[in-house]
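Comments concern the structure below.
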Amino acid sequence: MYSPRVLAFFLVLAFFYQSASAKDDYTGFGIGGGPAITQFDSNFKITSRDTGRHIYVDTEGTLGLPSTNGSPILVGSYRFSRKHGVTFSYYDIRRENTVLNAEIPLDDYTAYGDITIRDNTNLYSFSYAYELYGDDNSFILFTAGIYGLDLGLSLDASGGIRSGEDIIDDSIINKNVGVFAPLPLFGLDFWHAYTERWGVGTKISIVQGAYNGIDAGVFDTTVRARYKLSQHFDVLMGIKFFSADVDIAKADYDYEVAYRTDAVFAGIYYRL
2 MYSPRVLAFF LVLAFFYQSA SAKDDYTGFG IGGGPAITQF DSNFKITSRD
52 TGRHIYVDTE GTLGLPSTNG SPILVGSYRF SRKHGVTFSY YDIRRENTVL
102 NAEIPLDDYT AYGDITIRDN TNLYSFSYAY ELYGDDNSFI LFTAGIYGLD
152 LGLSLDASGG IRSGEDIIDD SIINKNVGVF APLPLFGLDF WHAYTERWGV
202 GTKISIVQGA YNGIDAGVFD TTVRARYKLS QHFDVLMGIK FFSADVDIAK
252 ADYDYEVAYR TDAVFAGIYY RL
């Protein structure tokens, strides 16, 4: 997992300067993004409602899904007045791994043959922002909105799955825990301009809710820094921590998913 020393590095850079102003962030439109190096820790459990038997998949450990991968991040905001605005973000994840001629224990079952594990997950957020506090250097925003949890974990086995010596299926098995759930989001966004060029902020979002058989809890935190290059362009950098626990109830199976990511990202931010 990534060290908090990365944040300390941003702060040390910021303190090289003495004067500050956050006025560029009080109103107007801004959008930025770039690549993120993301570290993953995820697993899911599928339980049959008929038999009570279950499949447990450690996606990075058991099936070798990449534990580190590149993922793009997009962030933006529009503050149409000092007190009011909107914020949005997008986080795109794509991973895949195939194991040939495998025999892999999955708790009560054994998967054999050619096994493919995929992770096509997208995380969206859109929220209203209200300024709770602001001065020439800092502001604190309260945010409330919608968090789009688009979870896309799937397991394909071309061969079969057996329980002991009993063959459950010897053709093609597909277990998909892909869901999309728009859930309520609440959070706080802290920003401080240490200098005319350097600013550092922390955004904390908490998501908890249920939708169409999906019960999820999410904790999403981003610590970011910006360095002003020109009137309209900044260098954007930061670290992002994401944690989700999701329970999914379907007709024949119950799904339990634990999904964790830590990311370091950098890119360009445009202000209008």
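Start counting at 1 in the sequence shown, then tack on 1, and there's your number in the numbering used here.
Glycine included, C-beta positions come from ideal geometry on N, C-alpha and C.
Check whether the stretch 113-128 touches the stretch 147-163, taking contact to mean three or more Cβ pairs, one atom from each stretch, closer than 8 angstroms.
Short answer: they touch.
With a threshold of 6 angstroms on Cβ separation, who are the neighbours of F89 within its own chain once the five nearest residues in sequence on each side are excluded?
Counted from its first residue, the sequence shown places residue 89 at position 88. The beta carbon of F89 sits closer than 6 angstroms to those of G77 and F127, all from its chain and outside the five residues before and after it, given in chain order.
Taking G268 as the reference, which of N213, F243, F30 and A37 has the closest Cα?
Position 267 of the sequence shown, counted from the start, is the residue given in the question as residue 268. Of N213, F243, F30 and A37, the residue nearest in Cα terms is A37.
Hey, quick one: how far does the beta strand (DSSP E) through L64 stretch, first residue to last?
For the purposes of this step, residue 64 is taken as residue 63 along the sequence shown, with counting starting at 1. It is not in any beta strand (DSSP E) - L64 carries neither H nor E in the DSSP assignment.
Quick one: Cα of P183 to Cα of Y260, how far?
Locating residue 183 in the sequence shown gives position 182, where the first residue counts as 1. Locating residue 260 in the sequence shown gives position 259, where the first residue counts as 1. C-alpha separation (whole angstroms): 17 angstroms.
Give me the DSSP bridge partner(s) of A37.
Residue 37 sits at position 36 when you count from the first residue of the sequence shown. Looking at the DSSP assignment, A37 forms a beta bridge with S72 and F266.
Cα-Cα separation, I147 to R96:
Residue 147 sits at position 146 when you count from the first residue of the sequence shown. Residue 96 sits at position 95 when you count from the first residue of the sequence shown. When rounded, the distance between both Cα atoms is 25 angstroms.
Checking the sheet assignment: what are the DSSP bridge partners for K241?
Taking the sequence shown and counting its residues from 1, the one referred to as residue 241 is at position 240. In the DSSP output, where bridge partners are listed per residue, K241 has T223 and A264.
What are the boundary residues of the beta strand (DSSP E) that includes N213?
Counting from one through the sequence shown, the residue named residue 213 turns up at place 212. Note, N213: premise wrong, no beta strand (DSSP E); not H, not E.
D115 - containing beta strand (DSSP E), residue span
Here residue 115 is taken as the residue at index 114 of the sequence shown, counted from 1. DSSP places D115 in the uninterrupted beta strand (DSSP E) bounded by Y110 to G135.
Pull up the distance between the alpha-carbon of I116 and that of Y270, whole angstroms please.
Stepping through the sequence shown from its first residue, residue 116 is reached at position 115. Stepping through the sequence shown from its first residue, residue 270 is reached at position 269. Looking at the two C-alpha atoms, the distance is approximately 41 angstroms.
With H, G and I counted as helix, E and B as strand and the rest as coil, what does DSSP make of D253?
What you label residue 253 is simply residue 252 of the sequence shown in a count that begins at 1. Coil at D253, not helix or strand.
Name, in chain order, the residues that DSSP records as bridge partners for N138.
In the sequence shown, counting from the first residue as 1, residue 138 sits at position 137. N138 is not bridged by DSSP to any residue.
How about S159 and G114: are their beta carbons less than 9 angstroms apart?
In the sequence shown, counting from the first residue as 1, residue 159 sits at position 158. In the sequence shown, counting from the first residue as 1, residue 114 sits at position 113. Cβ distance < 9 angstroms, so S159 and G114 count as in contact.
Taking the alpha-carbon positions, what's the I240 to R80 distance?
Residue 240 sits at position 239 when you count from the first residue of the sequence shown. Residue 80 sits at position 79 when you count from the first residue of the sequence shown. Distance between the alpha carbons of I240 and R80: 23 angstroms.
Have a look at the DSSP bridge pairing and note the partners of Y91.
Indexing the sequence shown from 1 puts residue 91 at position 90. In DSSP, Y91 forms a bridge with L75 and Y125.
Going by DSSP in three states, E104 sits in which element: helix, strand or coil?
Here residue 104 is taken as the residue at index 103 of the sequence shown, counted from 1. Reduced to three states, the DSSP call for E104 is strand.
Considering only their Cβ atoms, is the gap separating F243 from T222 smaller than 9 angstroms?
Sequence index remark: in the sequence shown, residue 222 carries index 221 (1-based). Sequence index remark: in the sequence shown, residue 243 carries index 242 (1-based). Contact: yes.
C-beta atoms of I47 and D216 nearer than 9 angstroms:
In the sequence shown, residue 47 corresponds to position 46, counting from 1. In the sequence shown, residue 216 corresponds to position 215, counting from 1. Going by C-beta atoms, I47 is not nearer than 9 angstroms to D216.
Measure how close the beta-carbons of T144 and L75 come, nearest whole angstrom, since I'm counting them as under 8 angstroms.
Within the sequence shown, residue 144 is the residue found at index 143, counting from 1. Within the sequence shown, residue 75 is the residue found at index 74, counting from 1. Here T144 is actually not in contact with L75; their C-beta atoms are around 17 angstroms apart, not less than 8 angstroms.
Going by the CB atoms, is the gap between N44 and V258 shorter than 9 angstroms?
Along the sequence shown, read from residue 1 onward, the residue named residue 258 stands at position 257. Along the sequence shown, read from residue 1 onward, the residue named residue 44 stands at position 43. Annotated as proximal: V258 and N44, with beta-carbon spacing under 9 angstroms.
Could you pull the start and end residues of the beta strand (DSSP E) that G188 belongs to?
Translated into positions along the sequence shown, residue 188 becomes position 187. Segment V180 to A194, the beta strand (DSSP E) holding G188.
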